[in-house]
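K.L.:
Residues 29 to 183 in the UniProt record's numbering are what the sequence shown lists, from first letter to last.
Heads up, the beta-carbon is just placed ideally off N, CA and C, and yes, glycines get one too.
In this text, all values refer to a predicted model and were calculated from it rather than measured experimentally.
Structure in structure tokens, see below.
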Amino acid sequence: LDKMGGINEQTFIAVKPDGVQRGLIGPIISRFENRGFKLVAIKMVVASKEHLEKHYSDLSDKPFFGGLVSYMASGAICAMVWEGRDVVKTGRAILGATKPSESSPGTIRGDYCIDVGRNVCHGSDAVESAQKEIALWFDKSEITSWKSAQQSWIY
Ligand code: RTP
């Protein structure tokens, strides 16, 4: 087995407007950094409703869709791309279950929120959706390629 296999997998992680307002960008970044993942893109964005309707197009028939889009458009979001082996799946585990009442203590949602409509963070749910979301939120030129000096200690 190639020891470096899959280490270029990427996921889209966002700190939602409530997370930004509550000062949780730092703690959220720390959890991904501490795990050993590599931050390859980051920016603050106030997204338009049109952009968010595209981002959440799979949820357009849900009763909470309008409220979700308004909440996400209500302030600045910290948009990021994180890289590393199994980062999509592990990223979801770091975030915790969508419903805070089901997210374990030790996860971001399990430690920082109560309400599903104010659940502080987003993470792509599959490798294919990650690729779509990264392309929606970032231009290729905004995604860096750099070699972590710690890499040989992580893999
Ligand atoms: P996310 O996309 O934000 O990482 O969340 P997710 O995949 O874990 O959950 P998903 O089912 O895709 O829902 C997206 C976001 O919609 C909001 N939501 N509100 N009011 C409700 O019942 C409800 N259900 C979901 C949450 O903010 C959820 O993260």
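#1: Hey, is the stretch 146-158 in contact with the stretch 62-81, meaning 3+ C-beta pairs nearer than 8 Å?
#2: Please report the straight-line C-alpha distance between Ala130 and Tyr140, rounded to a whole angstrom.
#3: Helix, strand or coil: which one does DSSP assign to Phe166?
#4: Please state whether the Cβ-Cβ distance between Pro133 and Ile142 is less than 7 Å.
#5: Within 6 Å: the Cβ of Gly34 and any heavy atom of ligand 1?
#6: Is Thr126 near ligand 1 - that is, is its Cβ less than 6 Å away from at least one heavy atom of it?
#7: I want to check one thing, is the minimum distance from the CB of Val155 to the heavy atoms of ligand 1 below 6 Å?
#8: Using the Cβ count rule (16 or more neighbours within 10 Å means buried), how would you classify Gln178?
#9: Check whether the Cβ of Val144 lies closer than 6 Å to any heavy atom of ligand 1, and answer yes or no.
#10: For Ile41, which option in Phe60, Lys31, Ala101 has the closest C-alpha, if you only look at C-alpha atoms?
#11: For the alpha helix (DSSP H) that Gln179 lies in, which residues bound it at each end?
P.N.:
Put simply:
#1: These segments do not touch.
#2: Going by the sequence as given, residue 130 is Glu instead of Ala. Cα atoms of Glu130 and Tyr140: separation of roughly 13 Å, rounded to the nearest angstrom.
#3: Three-state DSSP puts Phe166 in coil, outside helix and strand.
#4: No; because the gap between Cβ atoms is not below 7 Å, this pair is not in contact.
#5: No, Cβ of Gly34 sits at least 6 Å from all heavy atoms of ligand 1.
#6: Of the heavy atoms belonging to ligand 1, at least one sits nearer than 6 Å to the Cβ of Thr126.
#7: Incorrect: Val155 has no Cβ contact closer than 6 Å to ligand 1.
#8: Classification of Gln178: exposed, given that the 10 Å Cβ count is below 16.
#9: Relative to ligand 1, Val144 has its C-beta within less than 6 Å of a heavy atom.
#10: When only C-alpha atoms are compared, the closest one is Phe60.
#11: Segment 179-182, the alpha helix (DSSP H) holding Gln179.
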